[in-house]
Amino acid sequence: MAVRKNQATLTAQEKRAFVNAVLELKRQGGYDTFVSTHNSFIMSDTDDGERTGHRSPSFLPWHRRFLLQFEQALQAIDPTVTLPYWDWTTDRTADASIWGADFLGGDGRSSDGQVTTGPFAFGAGKWTITVSPDNRNYLLRSLGAGVADLPTRADVDSVLALSDYDTPPWNSSSDGFRNNLEGWRGVNLHNRVHVWIGGNMSSGMSPNDPAFWLHHCFIDRLWAAWQTRHPDQGYLPADHTQDVVGLNDTMKPWNDIAPAALLDHTRFYTYDSAY
Amino acid sequence: MSERTTTSTDLTRRRMLQGAAVALTAATATAVLGLTGPGAAPTAAAGLEADDSFDEVFQQRRIQGMPMAAGGHHHGGGAGTGYQVLIDGQELHMMRNADGTWISVIDHYRTFSTPRALARSAVNELRGAALVPISV
C-alpha cells in the first residue's frame, strides 16, 4: 500500500525521485494534459450550471481521482514515488524547505515573477509552460503577495468542526464543510493557498506549478480528517440532484467512478499520519 | 523572441485542444445550461458595475468591459455572465459567482466586486504579457 508522506520529512533521495518523475512526465508530454483538463473544468464549472471539479460537492472526490491519476502516471515512471503533502499550517514561510532548490524551487524574482531556482525554473531547461492564459512560458510565483498569510491550524480546526458535508444550493454560496474548505466561504483554506503562492497557481491552469499536487494532497488529507471527526456524516447530496454530482453519479471526464467509490482513501493509499 | 512566443502560443492552442477533448461534454453541457434561466441571474450583492461599460487605460493597457447578450459568444465572458472584459482587445475569460462577485481565469481563486477591479488585477498579474485565446 502506497504511503503519502509529509514533504517536510522526505529524504533527499525521495525528493529527487519525486522531482525526476515529474520532470519525466513533463518531458513525455503527459503532464500538460493534466493542466488542460483542470482548466477545462475550471472554465465550465459554474454556480448556476453543471459543476463537477469545483464549487460543488464533488470538488473533493473529483480532485481525489485527479490526484490518483497523476500519482499513477508518476508511478509508471518510478514505482517508488507517491504524492507528498504540504502542511501549510506548519511550513508557512517563503524560506520553508519546500521552496528549496532541491525540491520545488523558490519565489519568483521581483522583476517579472519568474521562478529562477530549482528544477522547475525555466532556465534549468526542463519546465516550459505550454498551457497558459498568456504568452509567458516560464513558471511564475509571488509568495505571500496576493494574501499575506497562509491559513493557520486554528483556521483548519474551525472548518473540520463543521458537521454538514455540504448544503444546498451546492455551489460557491453553500455553507458546510466542503465550501468552507474550498474557500468560497468562511476562513478560506484551499483558495487562499492558491492566492498565497500566486503566479500560475492563481490561475485556472494552476497545475502548471507542481506545488498544486502537494497542496491538493493536503486538502485530500483534510477530507479524511473531517471523516474521522464526523463518522455519522457523509457525502451529500445522496440523491441525484440537477447540475451536481450525487453520491452514486459518475464524474466527468472519467464517467466510470462515483464519489461513493472514493470516500475511503485507504482503498488506494494511506497517509503517514492523520491530521 | 517573437518566434519563440509564436511557437509557445501555437503549442498552447494545440495542448488546450487535446486536453479539452476530455472535458468537451462537460463544457458543451454547461454552455447550453448557462444561456438563460431563472437561476442565471444572481440575486444578492449585484456588482455595482454589472450593467455599466468601462473603457480606460490602466498601467498602459487598454481595459474594456461591456454587457453583452447572454450566450451571445459561444465561449466568451463565462457562460451566462452577460458581461465581457477585454485587455488590449483580447478577451479575458471570466465568470460570475452566485453572490454576485466575479472571477477570471487569471485570478481564479479570489473574487472581485466589479469587472473593472477584476480587469485591473489581471493587468497587474500579466506584467505586460498578452492574453492568448483559450480554446475549450
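As they're listed, the protein sequences go chains A and B. Residues in the first sequence are numbered consecutively from 6, following the numbering used here. Residues in the second sequence are numbered consecutively from 17, following the numbering used here. Cβ atoms here follow ideal geometry from the backbone N, Cα and C, with glycine treated the same way. These numbers come from a predicted model, not from an experiment.
Query                                                                                                                            : Result
For GLU187/A: DSSP bridge partner residues                                                                                       : Per DSSP, none; premise fails for GLU187/A.
Exposure label - THR255/A; buried when at least 16 CB within 10 Å                                                                : exposed
ARG146/A in three-state terms, based on DSSP                                                                                     : coil
Distance CB(LEU227/A)-CB(LEU186/A) smaller than 8 Å                                                                              : yes
PHE39/A - DSSP class collapsed to helix/strand/coil                                                                              : helix
Of the residues LEU147/B, PRO149/B and PRO131/B, the one placed nearest GLU72/B, counting alpha carbons only                     : PRO131/B
Where SER102/A falls, given that 16 or more other Cβ within 10 Å makes a residue buried                                          : exposed
Whole-number beta carbon distance between VAL136/A and SER41/A, since they are thought to touch under 8 Å                        : 5 Å
For ASN205/A, three-class secondary structure by DSSP                                                                            : helix
Euclidean distance between Cα positions of PHE125/A and ASP171/A                                                                 : 37 Å
Extent of the continuous alpha helix (DSSP H) to which PRO83/B belongs                                                           : First-last for PRO83/B: 77 to 83, but that is the beta strand (DSSP E), not the alpha helix (DSSP H).
Coarse secondary structure for ILE103/B, derived from DSSP in three states                                                       : strand
Residue nearest to THR95/A in terms of C-alpha spacing, selected from TRP259/A, VAL192/A and VAL161/A                            : VAL161/A
Whole-angstrom distance between LEU88/A and GLU76/A, CA atom to CA atom                                                          : 6 Å
PRO242/A at chain B interface by Cβ criterion, 8 Å                                                                               : no
Per-residue contacts from ILE122/B into chain A (C-beta, under 9 Å)                                                              : PRO138, ASP139, SER207, SER208 and GLY209
Cβ-Cβ distance between MET210/A and ASN11/A below 8 Å                                                                            : no
Test item: CB-CB of ASN196/A and ARG136/B under 8 Å                                                                              : no
Pairwise C-alpha distance: ARG183/A and LEU65/A                                                                                  : 8 Å
beta-carbon LEU227/A near the ligand GTP non-hydrogen atom, thresh 7 Å                                                           : By its list of ligands, the structure shown contains no ligand whatsoever, and the ligand GTP lies outside what it can speak to.
DSSP three-state assignment for ASP160/A, whether helix, strand or coil                                                          : helix
Per-residue contacts from MET82/B into chain A (C-beta, under 8 Å)                                                               : What MET82/B touches in chain A: nothing, since even the nearest Cβ is about 20 Å away.
Backbone secondary structure at GLU55/A - three-state DSSP                                                                       : coil
CB contact below 8 Å: ALA133/B versus chain A                                                                                    : no
Cβ-based neighbour list, GLU141/B, same chain, cut-off 8 Å, excluding 5 preceding and 5 following                                : ILE122 and ASP123
Stretch-stretch touch, CB-based, cutoff 8 Å, three pairs: the region 103 to 122 of chain A with the region 144 to 152 of chain A : yes
Sequence-distant residues of its chain with Cβ nearer than 7 Å to SER177/A (five each side left out)                             : ASP52, ARG60, ASN184 and TRP189
Distance between ALA216/A and THR122/A (C-alpha atoms, nearest Å)                                                                : 14 Å
Helix, strand or coil at TRP118/B [DSSP, three-state]                                                                            : strand
Buried versus exposed call for GLY58/A [16 or more other C-beta atoms within 10 Å across all chains shown]                       : buried
Cβ shell of HIS235/A (< 6 Å), same chain only, five flanking positions each side left out                                        : SER168
Chain-ordered chain A contacts of ALA150/B [CB-CB under 8 Å]                                                                     : Note on residue identity: the sequence assigns Ile, not Ala, to residue 150/B. Result: ASN44, MET48 and PRO138.
Residue environment, PRO62/A, which counts as buried when at least 16 other CB atoms sit within 10 Å                             : buried
Beta-carbon proximity list for LEU15/A, same chain, < 7 Å, skipping 5 on both sides                                              : PRO89
Counterpart residues of GLU72/B in DSSP-defined beta bridges                                                                     : ILE79/B
C-beta atoms of LEU194/A and PRO156/A nearer than 8 Å                                                                            : yes
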